[in-house]
Amino acid sequence: MTFFSRVYALVQQVPPGFVTTYGDIAMAMGTKDARRVGQALHANPDGELTPCHRVVAKDGRLAPHYAFGGSVEQYAKLKAEGVTFVDREHVNLEKHRFTFDTPTN
DNA sequence: ATCTTGACCTCTA
DNA sequence: CTAGAGGCCAAGA
Numbered sequence: 001m002t003f004f005s006r007v008y009a010l011v012q013q014v015p016p017g018f019v020t021t022y023g024d025i026a027m028a029m030g031t032k033d034a035r036r037v038g039q040a041l042h043a044n045p046d047g048e049l050t051p052c053h054r055v056v057a058k059d060g061r062l063a064p065h066y067a068f069g070g071s072v073e074q075y076a077k078l079k080a081e082g083v084t085f086v087d088r089e090h091v092n093l094e095k096h097r098f099t100f101d102t103p104t105n
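In this note's numbering, the protein residues as written are 1 to 105.
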């Protein structure tokens, strides 16, 4: 089990129509390093297995380096799931913010 | 073991 | 809003 694996596990726990932030995922794992989350998602093995499009920055901004088509794909997928946007690059975090339930397995 | 890289976050101007 | 700088830490070579 690597750091990346844990990131994937948490991301996969995010239900459709909801989004979370790198920082939240990091905190859920007991760390503050949001960068590790980003690295993990960049090394993302599968877009279906790991819905990286549901992971955004603290400002609700979409990932500029989405590994499966860029922020455009992210926007499309999130919108298709019912996520609302305040801008073409920012999701309504306050409305779709997802919090993890102490996944400390 | 060392060195480089990085989907981030926060502060300052 | 943009631009620059610092910090933090794991993966890969």
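We treat Cβ as the ideally placed atom computed from N, Cα and C, and that holds for glycine. Note that the structure is predicted; figures quoted are calculated from it, not measured.
Between the options, which lies nearest to residue i when the distance is taken from Cα to Cα?
| i | options | result |
| --- | --- | --- |
| Thr-50 | Thr-31, Arg-35, Gly-60, Pro-16 | Pro-16 |
| Thr-99 | Phe-3, Phe-4, Gln-13 | Gln-13 |
| Pro-45 | Lys-77, Lys-79, Tyr-66 | Tyr-66 |
| Ala-57 | Phe-68, Ile-25, Gly-82, Lys-95 | Ile-25 |
Contact check, residue i vs residue j under 8 angstroms by CB: the rounded distance?
| i | j | result |
| --- | --- | --- |
| Arg-54 | Phe-18 | 7 angstroms |
| Glu-48 | Ser-71 | Not confirmed; about 18 angstroms, so no contact. |
| Tyr-75 | Leu-62 | 6 angstroms |
| Val-37 | Val-7 | 5 angstroms |
Note the first and the last residue of the continuous alpha helix (DSSP H) segment covering residue i.
| i | result |
| --- | --- |
| His-90 | Unbroken run through His-90: none, as it is neither H nor E. |
| Arg-6 | 3-12 |
Flag this pair as yes or no: are the beta carbons of residue i and residue j separated by less than 7 angstroms?
| i | j | result |
| --- | --- | --- |
| Tyr-22 | Ala-34 | yes |
Check your understanding: Where are the beta strand (DSSP E) runs, 3 residues long or more, that stay fully inside the region 14-88, in chain order?
Key -> Entirely contained in the region 14-88, not one beta strand (DSSP E) run reaches 3 residues.
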